[in-house]
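**Student:**
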Amino acid sequence: DTAVSQTPKYLVTQMGNDKSIKCEQNLGHDTMYWYKQDSKKFLKIMFSYNNKELIINETVPNRFSPKSPDKAHLNLHINSLELGDSAVYFCASSPRGLEGKFFGPGTRLTVL
Amino acid sequence: QQQVKQSPQSLIVQKGGISIINCAYENTAFDYFPWYQQFPGKGPALLIAIRPDVSEKKEGRFTISFNKSAKQFSLHIMDSQPGDSATYFCAASKRGTDKLIFGTGTRLQVFP
Numbered sequence: 006d007t008a009v010s011q012t013p014k015y016l017v018t019q020m021g022n023d024k025s026i027k028c029e030q031n032l033g034h035d036t037m038y039w040y041k042q043d044s045k046k047f048l049k050i051m052f053s054y055n056n057k058e059l060i061i062n063e064t065v066p067n068r069f070s071p072k073s074p075d076k077a078h079l080n081l082h083i084n085s086l087e088l089g090d091s092a093v094y095f096c097a098s099s100p101r102g103l104e105g106k107f108f109g110p111g112t113r114l115t116v117l
Numbered sequence: 066q067q068q069v070k071q072s073p074q075s076l077i078v079q080k081g082g083i084s085i086i087n088c089a090y091e092n093t094a095f096d097y098f099p100w101y102q103q104f105p106g107k108g109p110a111l112l113i114a115i116r117p118d119v120s121e122k123k124e125g126r127f128t129i130s131f132n133k134s135a136k137q138f139s140l141h142i143m144d145s146q147p148g149d150s151a152t153y154f155c156a157a158s159k160r161g162t163d164k165l166i167f168g169t170g171t172r173l174q175v176f177p
């Protein structure tokens, strides 16, 4: 199936831990993103990468670090997790020159 | 500062009725206005999008109406079906930025 996939789907962890979320797209898109959806369902962009180069970094704490090993992958590493980091994190991708975004299924992160 | 304001927060419609969701934006530089549909536990999916050079776009039962002077756009779902029950997000972006600003979402419930 051609899609944007994320792992894991659920992540439950303690405050202070470090965790990673992985994202892969097999759509051949050049640009990948991370979005955060909070408990009120508000969606906000965190990062965007174009062909492994960071394009957008939206005032996200330094504890969040995206890593793009290649055009098809964009992982999100979070250090020293805090309660406020609990949210659903969506990876997305889009082809060059088009604004339509294809979203992954999301990773629900719960910090206890 | 909410750049894209969406209403209503929730909407209940009878099967066969018309669902109408409204959005207003501040930034006149926005030139791309998509609507996304999100089912529980899934990522948002692009439904339909419009640019400011047209006042209306229709795809099947879904229509976007765009009023550039009022800086407003709306989604109309004709002949609403229970399968349309989902959360709908309007969004906006400006050319060249690749940064999609989302509205706060509308939870639509269509009852048989």
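Read top to bottom, the protein sequences are chains A and B.
First residue of the first sequence? That's 6 in my numbering, and the numbers climb one at a time after it.
First residue of the second sequence? That's 66 in my numbering, and the numbers climb one at a time after it.
Note that CB positions come from ideal geometry on N, CA and C, so glycine has one too.
Computed from a predicted structure; not experimentally measured.
When Cβ atoms are compared, which residues of the stretch 24–49 of chain A fall closer than 9 Å to chain B?
**Tutor:** Under the 9 Å Cβ criterion, the stretch 24–49 of chain A contributes Thr36, Tyr38, Tyr40, Gln42, Lys45, Lys46, Phe47, Leu48 and Lys49.
**Student:** If the cut-off is 7 Å on Cβ atoms, which residues from the stretch 53–64 of chain A count as contacting chain B, listed in chain order?
**Tutor:** Flagged, chain order: Ser53, Ile60 and Ile61.
**Student:** Could you check which residue in A/Val9, A/Asp35 and A/Ala92 has the C-alpha nearest to that of tyrosine 15 of chain A?
**Tutor:** Taking the first sequence and counting its residues from 1, the one referred to as residue 15 of chain A is at position 10. The shortest C-alpha separation from tyrosine 15 of chain A is found at A/Ala92.
**Student:** What is the DSSP secondary structure of aspartate 23 of chain A, reduced to helix, strand or coil?
**Tutor:** For the purposes of this step, residue 23 of chain A is identified with residue 18 of the first sequence, where counting begins at 1. Residue state, collapsed to three classes: coil.
**Student:** Based on the DSSP secondary-structure assignment, which residues constitute the bridge partners of glutamate 29 of chain A?
**Tutor:** Along the first sequence, one-based indexing puts residue 29 of chain A at 24. A/Ser10 and A/His78.
**Student:** Is it buried or exposed for glutamine 19 of chain A, if we count other Cβ within 10 angstroms and need 16 for buried?
**Tutor:** The count along the first sequence starts at 1 and reaches residue 19 of chain A at position 14. When all chains shown are included, glutamine 19 of chain A counts as exposed.
**Student:** Candidates B/Thr128, B/Ser139, B/Ser158 and B/Ile142: which alpha carbon is nearest threonine 93 of chain B's?
**Tutor:** On the second sequence, position 28 is the one that residue 93 of chain B refers to. Threonine 93 of chain B has its Cα closest to that of B/Ser158, out of B/Thr128, B/Ser139, B/Ser158 and B/Ile142.
**Student:** Shorter than 9 Å from the beta carbon of glycine 125 of chain B to some beta carbon of chain A?
**Tutor:** Locating residue 125 of chain B in the second sequence gives position 60, where the first residue counts as 1. False, the Cβ-Cβ gap to chain A never drops below 9 Å.
**Student:** Less than 9 Å between the C-beta atoms of lysine 24 of chain A and leucine 79 of chain A, yes or no?
**Tutor:** Translated into positions along the first sequence, residue 24 of chain A becomes position 19. Translated into positions along the first sequence, residue 79 of chain A becomes position 74. For lysine 24 of chain A and leucine 79 of chain A, no; Cβs fall outside 9 Å.
**Student:** In three-state terms, what does DSSP make of leucine 88 of chain A?
**Tutor:** Counted from its first residue, the first sequence places residue 88 of chain A at position 83. DSSP places leucine 88 of chain A in helix when its eight states are reduced to three.
**Student:** Looking at the unbroken beta strand (DSSP E) that takes in serine 139 of chain B, where does it start and where does it end?
**Tutor:** As a first step, residue 139 of chain B must be located in the second sequence, where it is residue number 74. Looking at the DSSP string, the run of the beta strand (DSSP E) that includes serine 139 of chain B is 137–142.
**Student:** Could you have a look at proline 105 of chain B and say whether DSSP puts it in helix, strand or coil?
**Tutor:** Residue mapping note: residue 105 of chain B aligns to position 40 of the second sequence, counting from 1. Residue state, collapsed to three classes: coil.
**Student:** Would you identify the three-state DSSP class for proline 110 of chain A, choosing helix, strand or coil?
**Tutor:** Looking up residue 110 of chain A in the first sequence gives position 105. Three-state result, proline 110 of chain A: coil.
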